[in-house]
Amino acid sequence: MQPARAQVTLDIELDSEPISGSLSDRDGTSHGFSGWIELVSLLQAAATTRASEPDKPLALVEIAPRR
Numbered sequence: 000m001q002p003a004r005a006q007v008t009l010d011i012e013l014d015s016e017p018i019s020g021s022l023s024d025r026d027g028t029s030h031g032f033s034g035w036i037e038l039v040s041l042l043q044a045a046a047t048t049r050a051s052e053p054d055k056p057l058a059l060v061e062i063a064p065r066r
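Below, the structure is given as structure tokens:
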């Protein structure tokens, strides 16, 4: 049996301080982040959502407004 997997696309703004960018789910919905804690929170939400309901679109709340 294959383990459940989540696929996301990570777009990082180079030379940003703190780290910032966006994480997109498989449906192309973009979720902005600013800082390591927000990035890790988005990754955790992606892993949790996919593990519990693999057919459900990634349901993340945008933590930081996109700049």
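Following numbering that gives the first Met the number 0, the numbering of the sequence shown begins with 0 at its first residue and continues without gaps. The beta carbon of each residue, even a glycine, is placed where N, CA and C say it ideally should be.
Quiz item: Distance, Cα to Cα, Ser15 vs Leu22?
Solution: 15 Å
Quiz prompt | Residue closest to Gly31, alpha-carbon to alpha-carbon, out of Ala5, Gln1, Leu9 and Pro2 | solution = Selected option, being the one with the closest Cα: Leu9.
Quiz item: Residues in its own chain within less than 6 Å of Ser29 by CB, not counting five upstream and five downstream?
Solution: Ser21 and Ser23
Quiz item: Which of helix, strand or coil does DSSP assign to Arg65?
Solution: Interpretation of Arg65 is limited by its pLDDT of 48, a score under 50 that renders its predicted location unreliable; no figure is taken from the coordinates.
Quiz item: Smallest Cα separation from Glu12: which of Val39, Ala44 and Ser33?
Solution: Ser33
Practice problem: Check whether the Cβ atoms of Ile18 and Leu42 sit closer than 8 Å, and answer yes or no. | Solution: no
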